[in-house]
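Below is one structure, written out as structure tokens, with a few remarks after it.
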Amino acid sequence: MNTWQRIALAIIIIGAINWGLVGLFQFDLVASIFGGVSPLPPRIIYALVGLSGLYCITLLFKPNEEMVKERKVEPIS
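Numbers given in the working numbering equal positions in the sequence shown, counted from 1, plus 1188.
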């Protein structure tokens, strides 16, 4: 997993925690931290979470590194 995928995954985890709080307690953490006078900062955060989710779709189609290593093992001759 490269650096961009790790960053995107971390953003998705933050978004998932936020949605969990919204679903369980009706508390929007992102809006309470970045909200205030302007609705622009929370919208940027929500957009980053959405874009990160789209980017991480590529992880579904990435081959498992452990399986690739197992296939590259040379047979004993």
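Virtual Cβ for every residue (Gly too), placed ideally from N, Cα, C. All values reported here derive from a predicted model rather than from experimental measurement.
Distance between beta carbons of residue j and residue i, contact taken as under 8 Å
i	j	result
Val1237	Ile1195	12 Å between Cβ atoms; not a contact.
Span separating the alpha-carbon of residue i from that of residue j
i	j	result
Gly1211	Ile1202	14 Å
Leu1239	Pro1251	22 Å
Val1225	Ile1233	16 Å
Ile1221	Phe1215	11 Å
Gly1223	Leu1209	16 Å
Ala1235	Phe1213	22 Å
Contact under 9 Å by Cβ, residue i with residue j
i	j	result
Trp1192	Tyr1243	yes
Pro1230	Val1218	yes
Leu1247	Met1189	yes
Starting from the N-terminal side, write out each stretch of the alpha helix (DSSP H) that is 4 residues or longer and does not extend beyond the stretch 1209-1244. 1217-1222 and 1228-1243
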